[in-house]
Amino acid sequence: MREWWVQILAMPLLATYLHIPPPQLSPALHSWKTSGKLFTYKGLHIFYQDSVGVVGSPEIVVLLHGFPTSSYDWYKIWEGLTLRFHRVIALDFLGFGFSDKAASIMEALLRHLGLQNSRINLLSHDYGDIVAQELLYRGLTPVFGPYTRPSESGLWDMWAGIRNNDGNLVIDSLLQYINQRKKFRRRWGPLDPINPYPEFLELYRKTLSRSTVSILDDHISHYPQLEDLIGFLNAYMGFINSF
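Mapping of the sequence shown onto mature numbering (1 follows the signal peptide of the UniProt record, and there is no 0): residues -15 to -1, 1 to 228, in sequence order.
#1: Would you mind stating whether V116 and A88 have Cβ atoms separated by less than 7 angstroms?
#2: Going along the chain, which residues of its own chain have a beta-carbon closer than 7 angstroms to the beta-carbon of D142, five neighbours each way excluded?
#3: Closest to G51 by C-alpha separation, out of F83, V40 and H207, would be which residue?
#4: In three-state terms, what does DSSP make of P37?
#5: Is any heavy atom in the ligand FAD found nearer than 6 angstroms to the beta carbon of F52?
#6: Could you have a look at T133 and say whether DSSP puts it in helix, strand or coil?
#7: Would the region 33 to 45 count as touching the region 61 to 78 if we require 3 or more Cβ pairs under 8 angstroms?
#8: Does the Cβ of L140 have 16 or more other Cβ atoms within 10 Å, making it buried, or fewer, making it exposed?
#9: Answer yes or no: do E212 and F129 have a C-beta to C-beta separation smaller than 7 angstroms?
#10: Just to confirm my understanding: we take A93, look at its own chain, exclude 5 residues before and 5 after, and list those with CB closer than 6 angstroms. What are they?
#11: Using DSSP's beta-bridge definition, name the partner residues of L100.
#12: On the criterion of 16 or more Cβ atoms from any shown chain inside 10 Å, does N164 qualify as buried, or is it exposed?
#13: If you run the structure through DSSP and keep just helix, strand and coil, what is K18?
#14: Drop a sphere of 10 angstroms on the beta-carbon of Y112, count the other beta-carbons inside from all chains shown, and report buried for 16 or more, exposed for fewer.
#15: Considering Cα atoms alone, identify which of F224, S227, L201 and I225 is closest to G216.
#16: With 16 other CB atoms within 10 Å as the buried threshold, where does V47 fall?
#17: For the alpha helix (DSSP H) that N219 lies in, which residues bound it at each end?
#18: Under the rule that 16 or more other beta-carbon atoms within 10 Å means buried, what is P131, buried or exposed?
#19: Using the Cβ count rule (16 or more neighbours within 10 Å means buried), how would you classify G223?
#20: Does the separation of the CB atoms of G80 and V155 fall below 7 angstroms?
#21: Just curious, the alpha helix (DSSP H) that I115 is in, first and last residue?
#22: Thinking F24 and H97 are a contact (beta carbons under 8 angstroms), I'd like their distance in whole angstroms, please.
#23: How would you write the range of the alpha helix (DSSP H) that S158 sits in, first residue to last?
#24: Can you give the Cα-Cα distance for L95 and Q101, rounded to whole angstroms?
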């Protein structure tokens, strides 16, 4: 009986939540949206950013964002990447950010940009790691630390991106990548669902003898590209320049 009454009482709250208008975009997030572009994938609009950086360099880097945010995760290091790469590209995965609510999408975007036969550097985070691993597989032939928490406006931008186009209503369906980690664990190892430190690092170094690993300060957590942009850029550039 009590569960029945709980459902009745919850209905007005749910109805109110579903009809709350999305928050207004901050000037920075609005600028990110207006400077981006859309391409169509199977009838759905996918948002992406594509910047030309260093003239004469053949290097291209593709950025894959995490869950549940968007390509805006990379805005702090975007300019730094354009100083190293000729093309810097990022997209909002289907259901995230400014895309309509996945690896095939990333491949379609590269074809759309005429880069399907180009050498691509991948820079991924969180959810994007799964997409990166799938792309690599196909090509075989706390969230923040205690001293680096985002500002209130930064958190608001994240939420605005999630709420855009009712993205918050499909988040649960996008979490299937957690189940897929278990299903495909033989691809990336049994420890990957958590990536515990230092066990994962030891396994990584043992598996890849030429591995390049950079360890940031202890207070840096799950969003290093936002928490320590200089340290993150230095680590990534060091990795790229090691080849």
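Backbone N, C-alpha and C define an ideal beta-carbon position, used for all residues, glycine too. None of the values given here were measured: they were computed from a predicted structure.
Checking against the coordinates, here is how it stands:
#1: On the sequence shown, position 131 is the one that residue 116 refers to. On the sequence shown, position 103 is the one that residue 88 refers to. Yes, Cβ-Cβ distance for V116 and A88 is below 7 angstroms.
#2: Position 157 of the sequence shown, counted from the first residue, corresponds to residue 142. S11, A13, L14 and Y57, listed in sequence order.
#3: The count along the sequence shown starts at 1 and reaches residue 51 at position 66. Nearest C-alpha to G51: H207.
#4: For this step, residue 37 is matched to residue 52 along the sequence shown. According to the sequence displayed, residue 37 carries Val and not Pro. Strand.
#5: This structure lacks the ligand FAD; in fact it carries no ligand of any kind.
#6: In the sequence shown, residue 133 corresponds to position 148, counting from 1. Coil, per DSSP.
#7: In this structure the region 33 to 45 touches the region 61 to 78; the number of beta carbon pairs closer than 8 angstroms is three or more.
#8: Within the sequence shown, numbered from 1, the residue matching residue 140 stands at position 155. Exposed, since its Cβ has fewer than 16 Cβ neighbours within 10 Å.
#9: As a working note, residue 212 is residue 227 in the sequence shown. As a working note, residue 129 is residue 144 in the sequence shown. For E212 and F129, yes; Cβs fall inside 7 angstroms.
#10: Position 108 of the sequence shown holds residue 93. Contacts found: Y26.
#11: Stepping through the sequence shown from its first residue, residue 100 is reached at position 115. Partner(s): none; L100 has no beta bridge.
#12: The residue labelled residue 164 in the question sits at position 179 within the sequence shown. Burial call: exposed.
#13: Taking the first residue of the sequence shown as position 1, residue 18 is located at position 33. Looking at K18 - three-state DSSP - the assignment turns out to be helix.
#14: Taking the sequence shown and counting its residues from 1, one reaches residue 112 at position 127. Buried, by the Cβ-count rule.
#15: The residue you call residue 216 lines up with position 231 of the sequence shown. Considering only alpha carbons, the answer is L201.
#16: By 1-based counting over the sequence shown, the position of residue 47 is 62. V47 should be labelled buried.
#17: Here the question's residue 219 lines up with position 234 in the sequence shown. L214 to N226 is the extent of the alpha helix (DSSP H) around N219.
#18: Reading the sequence shown from its first residue, position 146 is the one you call residue 131. Exposed, because fewer than 16 other Cβ atoms sit within 10 Å of the Cβ of P131.
#19: Taking the first residue of the sequence shown as 1, we reach residue 223 at position 238. With fewer than 16 other Cβ atoms within 10 Å, it is exposed.
#20: As a position in the sequence shown, residue 80 is number 95, starting the count at 1. As a position in the sequence shown, residue 155 is number 170, starting the count at 1. Yes. Within cutoff.
#21: On the sequence shown, position 130 is the one that residue 115 refers to. Residues Y112 to R123.
#22: Your numbering for residue 24 matches position 39 in the sequence shown. Your numbering for residue 97 matches position 112 in the sequence shown. Yes, F24 and H97 are in contact; Cβ-Cβ is about 5 angstroms, under 8 angstroms.
#23: Counting from 1 along the sequence shown, the entry for residue 158 is found at position 173. S158 -> alpha helix (DSSP H) spans I156 to L159.
#24: Within the sequence shown, numbered from 1, the residue matching residue 95 stands at position 110. Within the sequence shown, numbered from 1, the residue matching residue 101 stands at position 116. Straight-line Cα distance between these residues: approximately 5 angstroms.
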